[in-house]
Amino acid sequence: MSSKNPPSPDIPPDIRAPPGGWVAQRPVNSPILVVLVAGFATLTFLAPSFLAGLTESFGSALLRGGSIEYAGPPVNAQEILGRCAALKATPVVPQTFRSRKESERYEYGNNATLIRDATIFTGRDSGQEIVRGDILLDRGVIKGIGRIPARTIDQAENLTIIEAYGAWVTPGLVDLHSHLGVISAPMLNGAFDVNSKKGPILPWLRTIDALNTHDDGYELAMAGGVTAAQILPGSGNAIGGQAFMVKLRKTLDRSSLSMVVEPPYGLNGTEPDPHHPRWRHMKQACGENLRSYGNRMDSVWALRSAYEQARKVKTMQDNYCLKAEAGLWHALKDSFPEDLQWEMLVDVLRGKVKVANHCYEAVDLDAIVRLTNEFKFPLASFHHASEAYLVPEVLKRAYGGTPAVALFATNHRYKRESYRGSEFASRVLSDKNISVIMKTDHPVINSRYLIHEAQQAYFFGLPEHLALASVTSTPAIAAGLDHRIGILAEGTDADVVMWDSHPLQLGATPMRVWIDGLLQIPLPRNKESPVQVGIGKNGEQWRRAPRVPDWDKEREQAVLWDGLPPLQGAKRGDQVVFMNVKKVWKKVPGGEIVDALGYDTSENGITVVVDGGKISCLGEPCVATQGEATTVDLKGGSIGPGLMTFGSVLGTEEIASELSTGDGEQYDAMMEDVPIILSDVGAVAKTADALVFRTRNALTAYRSGVTMATSSLARPFFLDVYGDNMIAGISATFRTGASHAMERGAILQDATALHIIMGRSHPLFPNKRPSVSSQISTLRRLLYGWEANERVTGEWFQKAAEGVIPLVIDVHSADIMASLLIMKADVEYKIGSRMRMVFSGATEAHLLAEEISNASVGVILNPVRPFPTVWDRRRILPGPPLTNNTALMELIEHGVIVGIGVREGWEARNTRFELELAALESNGRLSEKQAYELATTDLEKLLGVDWIDEDSADLVAYEGGGVLDMSSKVSAIISPARGIVDLL
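1 is the number of the first residue of the sequence shown in full-length UniProt numbering; add one for each residue after it.
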């Protein structure tokens with residue numbers, strides 16, 4: 001060996017040969033060296049690389065006092081070398097995985113299941129593979145799919161056979177962004193474990209340590225076909241902690257750990273397998289949610305600082321292992337370098353963690369992409385990502401490959417970061433070859449309706465196969481678990497859903513749901529009284545994905561205008577001719593919607609002529625009478641009254657979380673002294689004074705057929721937390737498409753109803769509301785007339801007590817409603833009047849359906865699809881496949897007048913979808929006309945909206961279908977009161 005060796009690139013500088021090389025102080029035939037060489041054969045079994053290390057630099061020869069001494073490997077050398085080997089291993093699926101006989105999650109004693117004659121969406125090939133045939137579930141594993149050999153079926157024990165009759169079967173849905181179990185339903189302060197206040201960087205926290213096994217949301221999610229979810233920490237920290245993929249069924253073990261899919265090694269006492277490590281999952285965040293720890297610059301610095309700490313630990317580990325693998329045991333004076341706080345981030349840097357990054361705006365997406373390149377780690381997915389569709393090339397610069405993007409379908413504009421979000425984002429991203437995932441952020445959106453997010457994405461242009469993949473295979477791939485979930489193939493976990501219609505049909509409902517091969521839906525407790533599913537969905541059209549509109553122009557506009565395309569239409573005051581109209585609805589005196597034609601139209605439909613915003617000719621002989629008339633082809637569409645929305649603060653704010661864009665905080669007479677200058681004890685305010693026109697939520701609602709809104713000052717925000725006020729003021733009714741308050745017909749009623757909010761304190765803000773008894777006592781006093789009617793408060797409560805205007809009470813608890821019904825009878829007896837009381841919200845109203853009907857109280861279900869958010873809403877009637885009835889049908893069948901509402905402004909645009917869902921959940925008991933009236937004449941009656949007749953009601957022209965039809969889009973608004981047709 002030369003006395004001077006060139007530095008080895010694989011050995012850190014601090015252990016390379018010193019200048020001048022290693023110099024032996026004794027002859028080569030030294031007895032010590034002879035003994036060392038002779039013992040080599042017995043030592044190499046401890047470290048295979050040991051001999052190479054010695055040959056390169058006299059091995060473990062030490063220069064001490066002019067002599068060479070041998071320091072042998074430590075007793076735990078194999079353990080060290082194994083640990084070092086594990087550092088380099090990345091998660092892979094064992095080759096034997098697909099051939100396993102049973103899943104480790106299998107619970108003995110359960111039957112095998114053969115689903116026969118199904119239309120199977122496997123999730124493979126980006127969702128393009130469809131198989132017609134059978135699927136065999138046995139011992140928690142899929143044993144066959146398509147044409148299954150009889151021998152394979154014969155080997156299954158205790159076989160249950162399900163005849164699908166061609167029904168659609170998909171993998172169990174995968175919700176990649178959920179807070180199930182860490183924000184539990186009903187929400188209580190003691191079970192709100194989503195965020196930590198301990199600092200911005202917390203990679204050592206784990207959602208598994210807070211996963212509540214008693215969340216009511218699990219069962220509801222399974223009722224929507226969701227079988228697996230990634231449980232993320234919140235977004236209040238730059239690194240919120242470790243996430244876990246769980247299955248939603250209750251196990252025999254009943255523990256949180258038993259719900260986890262492929263628990264990372266060490267979590268359940270298992271030792272790491274260096275050959276087959278498992279993926280870990282982590283949540284990062286950026287942007288405005290981190291404000292409690294500083295601004296954007298602070299947040300990115302916190303991330304960079306944390307990753308630098310992790311990089312130092314990683315470098316020390318790498319150097320340690322280089323020495324061990326080179327056989328230089330003498331240089332390993334300390335134990336293996338590790339730090340429990342930073343070990344998760346070290347694994348991120350080693351590419352062993354699927355990182356989900358909450359991020360909205362271009363500035364934040366760019367910052368995180370740069371972070372990945374600075375510290376050389378990949379991202380699995382960006383979440384929310386409202387502006388991702390505007391900067392696809394930025395995403396493609398992420399280290400290690402382009403992350404998937406997990407989106408809401410239409411939930412945008414609730415804060416500044418989401419202001420430029422678009423319903424067309426999923427299609428734009430998919431056109432750029434970026435994987436799209438639809439998610440719920442449960443409980444922001446009830447995980448039960450994950451499939452509805454996919455349906456909306458499909459409606460707005462995402463291709464059919466990608467829409468279905470967005471809630472099955474694509475999130476599973478992003479999580480690194482597609483060998484188990486999200487795809488149906490031999491050897492994958494037996495998580496399967498059988499649907500009553502094509503899954504992208506609005507209202508598609510699971511008939512059966514299996515998790516690990518165990519039947520979860522229908523519920524075992526409903527065995528003696530089975531729930532009916534799929535009534536009215538027998539036609540062949542239900543077996544196909546619905547035809548959807550062409551949105552190419554709107555999609556291009558969204559990108560061209562950087563997320564803020566113009567939403568106003570082209571107004572025409574002259575003649576407009578609508579061709580190929582199949583149906584025309586109109587309002588008649590008495591508040592009923594009727595078919596204006598009363599007969600079947602021809603194959604091509606009829607012609608409708610509009611002059612100055614009013615229909616002048618309706619029927620086959622109609623022709624244009626003006627030479628320059630505008631012609632609109634509705635392609636078999638329809639014309640009908642515009643819808644109305646209620647329940648949100650639509651029209652009083654632009655961005656929900658930005659008070660500077662809205663009315664601001666109201667005085668709460670129950671919690672503070674009202675300024676004397678108001679000279680009104682209750683500080684009753686009028687919504688009309690705070691109206692803001694041309695908000696993007698109002699205009700998107702308008703373009704979706706919602707032409708009117710009734711709004712009060714009741715201001716719900718995150719998870720239905722209301723502002724402080726018990727008295728929510730006087731509502732106003734206005735046109736969503738109007739330009740300003742002084743425009744002709746913009747405000748329909750400046751005083752519509754008096755609004756009250758009643759309920760218990762919200763668990764997130766327990767000190768913000770007086771007791772229920774105090775609220776009812778105050779309301780009784782005001783209705784009795786003890787407040788002078790010369791003051792504003794006394795005036796309006798007297799009008800409410802005498803039935804001059806409706807008294808709309810936002811209340812959810814059946815017990816509070818019962819107290820209010822008793823109080824109503826007392827007030828009416830005392831002052832000899834008949835109140836027009838309406839319960840809004842009314843989640844538990846079905847429990848008092850008969851009493852509400854007898855008291856002539858109306859109900860506005862808000863939302864119409866219930867969720868047990870808090871204690872006052874825990875007793876829900878969820879509908880199929882969990883219950884045969886819904887709250888809506890229970891009330892209607894008891895003779896209660898019912899309308900529907902929404903909680904947030906962005907939801908108003910989806911009103912017609914809500915109507916169709918309500919009709920479909922009724923199992924054929926709610927007609928199209930009845931559904932239509934829930935957001936038109938019935939809602940108008942309940943709220944006291946007067947003077948909306950044939951001459952003043954806006955009409956909506958739908959191209960390609962009807963108001964409750966996914967194939968249609970709004971083409972124009974016909975406005976008699978304004979004398980125009982608004983072409984959209």
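Glycine residues also receive a C-beta, built at the ideal position from the N, C-alpha and C atoms. Small disclaimer: the values here were computed from a predicted structure and weren't measured.
- Secondary structure note for residue 773: it is in no beta strand (DSSP E), and the uninterrupted alpha helix (DSSP H) holding it is 772-784.
- In this structure, residue 652 and residue 714 do not form a Cβ contact; the two beta carbons are roughly 10 Å apart against a cut-off of 8 Å.
- Membership of residue 611 in any alpha helix (DSSP H) is not indicated; the residue belongs instead to the beta strand (DSSP E) covering 606-611.
- Residue burial annotation: residue 283 is buried, with at least 16 other C-beta atoms found within 10 angstroms of its C-beta.
- In this structure, residue 350 and residue 369 do not form a Cβ contact; the two beta carbons are roughly 20 Å apart against a cut-off of 8 Å.
- Within the same chain, Cβ atoms closer than 7 Å to the Cβ of residue 531 are found at 522, 880, 881, 882, 883 and 884, the five residues on either side in sequence being excluded.
- Beta-bridge analysis with DSSP links residue 314 to no other residue.
- Taking all protein chains in view, the Cβ of residue 211 is crowded by 16 or more other Cβ atoms within 10 Å, so the residue is classified as buried.
- Residue 487 is positioned such that its CB atom lies no closer than 8 Å to that of residue 478.
- Remark: C-beta atoms of residue 287 and residue 231 do not approach each other more closely than 8 Å.
- For residue 548, the closest alpha carbon among the candidates 916, 460 and 848 is that of 460.
- Each of 259, 278, 255 and 256 was checked against the Cα of residue 266, and the nearest Cα belongs to 278.
- Your pair residue 873 and residue 443 does not check out as a contact, with CB atoms roughly 12 Å apart and the cut at 8 Å.
- The DSSP-derived three-state label of residue 548 is coil.
- Where residue 283 is concerned, there is no enclosing alpha helix (DSSP H), although the beta strand (DSSP E) around it starts and stops at 280-285.
- Per DSSP, residue 949 lies in no beta strand (DSSP E) segment and is marked neither H nor E.
- The straight-line gap separating the alpha-carbon atoms of residue 196 and residue 759 is approximately 28 Å.
- Residue burial annotation: residue 733 is buried, with at least 16 other C-beta atoms found within 10 angstroms of its C-beta.
- Counting only the Cα atoms, residue 673 lies some 37 Å from residue 445.
- Residue state for residue 389 is assigned as helix, using DSSP reduced to three classes.
- Under the Cβ criterion (8 Å, minimum of three pairs), the stretch 161-168 does not count as touching the stretch 253-268.
- Closest in C-alpha terms to residue 360, from the list 782, 436, 416 and 909, comes 416.
- Around the beta carbon of residue 564, fewer than 16 other beta carbons lie within 10 angstroms, which makes this residue exposed.
- From the listed residues 490, 852 and 643, the smallest Cα separation to residue 958 is found for 643.
- Assignment of residue 116 by DSSP, reduced to helix, strand and coil, places it in the strand class.
- Residue 497 is not a Cβ neighbour of residue 251, given a cutoff of 8 Å.
- At a Cβ-Cβ threshold of 8 Å, residue 140 and residue 516 count as neighbours.
- Counting only runs of 4 or more residues that sit fully inside the stretch 111-197, the alpha helix (DSSP H) segments are 124-127 and 150-154, in chain order.
- By the criterion of a C-beta distance shorter than 6 Å, residue 569 is surrounded in its chain by 982, 983 and 984, once the five residues flanking it on both sides are discounted.
- Between the C-alpha atoms of residue 77 and residue 871 there is a straight-line separation of about 58 Å.
- Proximity to residue 273 across 88, 119, 106 and 118 peaks at 88, based on C-alpha coordinates.
- Judged by DSSP secondary structure, residue 366 falls within the alpha helix (DSSP H) whose first and last residues are 362-375.
- For residue 206, the three-state secondary structure derived from DSSP is strand.
- Taking C-beta separations shorter than 6 Å and ignoring five residues to either side along the sequence, the partners of residue 908 in its chain run 645, 650, 701, 706 and 902, following chain order.
- By the neighbour-count criterion, in which 16 or more other beta carbons inside 10 Å mark a residue as buried, residue 788 falls on the exposed side.
- Under the three-state reduction of DSSP, residue 617 is assigned to strand.
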